[in-house]
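Worksheet: the structure to be examined is printed underneath.
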Amino acid sequence: MPEGHLIHRVADDHQIFVGATVKVRSPDGRFMFGAEELDSQTLQSVDAWGKHLLYQFKPKTLHIHLGLEGSIRFRKAHTLHEDQRARLLVQDERTGDSFLLYNPLHCELLSSFARKDLIRRLGPDLLRPDADPEITWTLMQRSQAGLGEFLLDQSCISGIGNIYRSEILFLLRMHPHRRAGSLTREEFDTLWRLAADLLEVGRHHNAIITASPKRLGKPREQMHRSERVLVYRKRECPDCGALLTVERIANRTAWFCERCQSG
DNA sequence: TATGTATGGTAAG
DNA sequence: TTACCCTACATAA
-14 MPEGHLIHRV ADDHQIFVGA TVKVRSPDGR FMFGAEELDS QTLQSVDAWG
36 KHLLYQFKPK TLHIHLGLEG SIRFRKAHTL HEDQRARLLV QDERTGDSFL
86 LYNPLHCELL SSFARKDLIR RLGPDLLRPD ADPEITWTLM QRSQAGLGEF
136 LLDQSCISGI GNIYRSEILF LLRMHPHRRA GSLTREEFDT LWRLAADLLE
186 VGRHHNAIIT ASPKRLGKPR EQMHRSERVL VYRKRECPDC GALLTVERIA
236 NRTAWFCERC QSG
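Numbering (my numbering), first residue to last: -14 to 248.
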């Protein structure tokens, strides 16, 4: 279920494990080698970069990417739950709290070189305070891609997934086939700020919410699933009522309104 | 119960 | 560009 907001939320939540000496196991046996290497080590830090989670040990880093199907569950101490389906179990030896990892795309150990290389390949992460928009701006000016394709390219800007893509472009009234390189600096700044704000809201609420609470007349917490987004998987434009265009862009389905997103 | 689809990414062709 | 990964869930039958 992960776009960047959720990965950062996990990293936030997992700060409680930093400094802990941990018990590490691989219940499904598919990460035995790595689990043995990390067992009884002390966790130095937990970081999110785009859709990647990095758990720093010495000298190696545990790299987790949830992909499309992965999930992470937190378990309070003493709620003993032997789940053989989990790829990874990490337990804080001080508190007994643990987390379990299921169906990840990646669960592997990285050398410090491989860690740097991974981060180098990623574009600026909207949710990181050190994110440098100038890098994305430069890439965008040179890009031949349409906006819909550009926003999903994690090497140009990281953290945005398929739901946020459609939602951001709708809110900006920008057509997904408009060339990324055609944006003015002002338009880019607006895009960057909007995307960062939306991801921050998602991180806070642990859910993708792009609809305005004011417009609906209820707080975000009370919004129904279908009310939280504007165009993703919808039939009609929430503004003009026209049928939305559904099209695969960069190998993923995109929803947009030809009438409202003309720019 | 069967079918279709997917909030992501990689690698083969 | 396409197949694949091979799970979870919603919807159709």
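Backbone N, C-alpha and C define an ideal beta-carbon position, used for all residues, glycine too.
Cβ neighbours of I120 in the same chain (closer than 7 Å, five flanking residues each side left out): G108 and P109
Evaluate the contact criterion for the stretch 52 to 70 versus the stretch 134 to 143: three or more CB pairs, one atom per stretch, below 8 Å. no
Can you tell me whether DSSP reads S167 as helix, strand or coil? helix
What first and last residue would you give for the alpha helix (DSSP H) that runs through E21? M17 to L23
Which residues in the same chain as V7 place their Cβ atom closer than 8 Å to its Cβ, once the five residues preceding and following it in sequence are excluded? L23, D24, S25, Q26, T27, L28, V75, Q76, D77 and E78
Hey, could you find the ends of the beta strand (DSSP E) I234 is sitting in? T230 to I234
Evaluate the contact criterion for the stretch 147 to 167 versus the stretch 238 to 246: three or more CB pairs, one atom per stretch, below 8 Å. yes
Between the stretch 95 to 106 and the stretch 39 to 46, are three or more C-beta pairs nearer than 8 Å? yes
With DSSP as the reference, label K8 as helix, strand or coil. strand
Within a Cβ cutoff of 8 Å, which residues of the same chain sit near V231, ignoring the five residues on either side of it in sequence? T238, A239 and W240
How close, in whole Å, do the beta carbons of L154 and G133 come, if the pair is a contact with beta carbons under 8 Å? 7 Å
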